[in-house]
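Residue numbers (this note's numbering): 1 to 352.
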């Protein structure tokens, strides 16, 4: 018996709104979900679990119909679905009155219930959010309805405002598999027993790394799982090292080479690090034109010899300024203040 575990698809999200590629990303989130269903049609699975936040917000009727049509195209797969904190069941939610295809089970209330699968000896437990926050650790106390068969829990949460999760308590529940949602990074809490599938497509600039779904097999009452990378794009953080020999052009060439190597479709946050010539002023905004870049952070420092400068300007404001910071155990903010302030003082002195 095979299953697929999805969560946090976030249909309707518009990642990186305002960027040239944001409209494409909105469509790609839908398209990747359709590709999952198409894959199930070609290579059927017995069960499909969606552990919350299928939608990024309250779903509209035409969106529910679109999803339901996709589910109806895999009639031999039992689909189990819950609403998470993003698409929770408001009082007037279109979820409440929607009529799903016969192969779909939607958990209708904020109370954990158990459903026996009609085609197998599998028991599926789940609930939907009826509020955007649930601060109680509701999953810690869930217990099996019986010992026969395979027992699977759909759970959405993991932080202080959304069903806090205690790994030790989960391990004591006795479930054969716990399909988790809410955290966007794929991760295993208990090997082959409890895992976050992460987002199917990354939906914000902090969703670094691979994204996809979890595929599982149930054989002789045992569950075995593997993560399947499936997203069209990934978010990456690029660290570009700058030195005293660097120029704006050399930094641009390095960035272009890195993007070519890692993939031009992917999306990047660029961080410039190292020590540059004091007279070099980099133009971070210009670097954005070389790819899908959400932001460029310039963390470089001018390559000043602080001890020599302090001796040279002893008894002046510049010397006192350097000594003040040299005597401190500087944090990142103070380190920036030292170099930015020193550069401003030196520039002012030269211009006068």
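Glycine is no exception: its CB is placed at the ideal position from the N, C-alpha and C atoms.
Classified as exposed, residue 308 has fewer than 16 neighbouring CB atoms from the shown chains inside 10 Å of its CB. In the DSSP assignment, residue 279 falls outside any alpha helix (DSSP H) and carries neither an H nor an E. Per the Cβ contact rule, the stretch 113 to 121 is in contact with the stretch 140 to 160 (3 or more Cβ pairs under 8 Å). Counting C-beta atoms within 10 angstroms of its own C-beta, residue 182 has 16 or more neighbours from the protein chains shown and is therefore classed as buried. Nearest to residue 204 by C-alpha distance, out of 3, 8, 4, 213, is 8. Taking a cut-off of 8 Å on C-beta distances, the stretch 29 to 41 does not touch the stretch 240 to 257, as fewer than three cross pairs fall below it.
In terms of Cβ geometry, residue 158 and residue 165 form a close pair [threshold 8 Å]. Here residue 187 is bridged, per DSSP, to 196. Apart from sequence neighbours up to five positions away, the residues of its chain that approach residue 321 with a beta-carbon distance below 7 Å are 341, 342, 345, ordered along the chain. About 7 Å separates the beta carbons of residue 170 and residue 189, which is inside the 8 Å limit, making them a contact pair. Two segments are said to touch when three or more pairs of C-beta atoms, one from each, lie closer than 8 Å; by this definition the stretch 78 to 92 does not touch the stretch 225 to 238.
Three or more beta-carbon pairs drawn from the stretch 55 to 67 and the stretch 2 to 22 are found closer than 8 Å, and the two stretches are therefore classed as touching. Note: residue 295 is bridge-paired with 269 in the DSSP secondary-structure output.
In this chain, the beta strand (DSSP E) harbouring residue 215 covers 212 to 219.
The distance from the Cβ of residue 77 to that of residue 47 is about 7 Å, consistent with a contact at the 8 Å cut-off. Setting aside the 5 residues that flank it on each side, residue 121 is surrounded in the same chain by 148, 149, 150, each with a C-beta closer than 8 Å to its C-beta; the list follows chain order.
Cβ neighbours of residue 330 within its own chain (closer than 8 Å, five residues either side excluded): 338. Within the DSSP bridge table, the entry for residue 116 names 123 as partners. A straight line joining the alpha-carbon of residue 107 with that of residue 291 spans about 42 Å.
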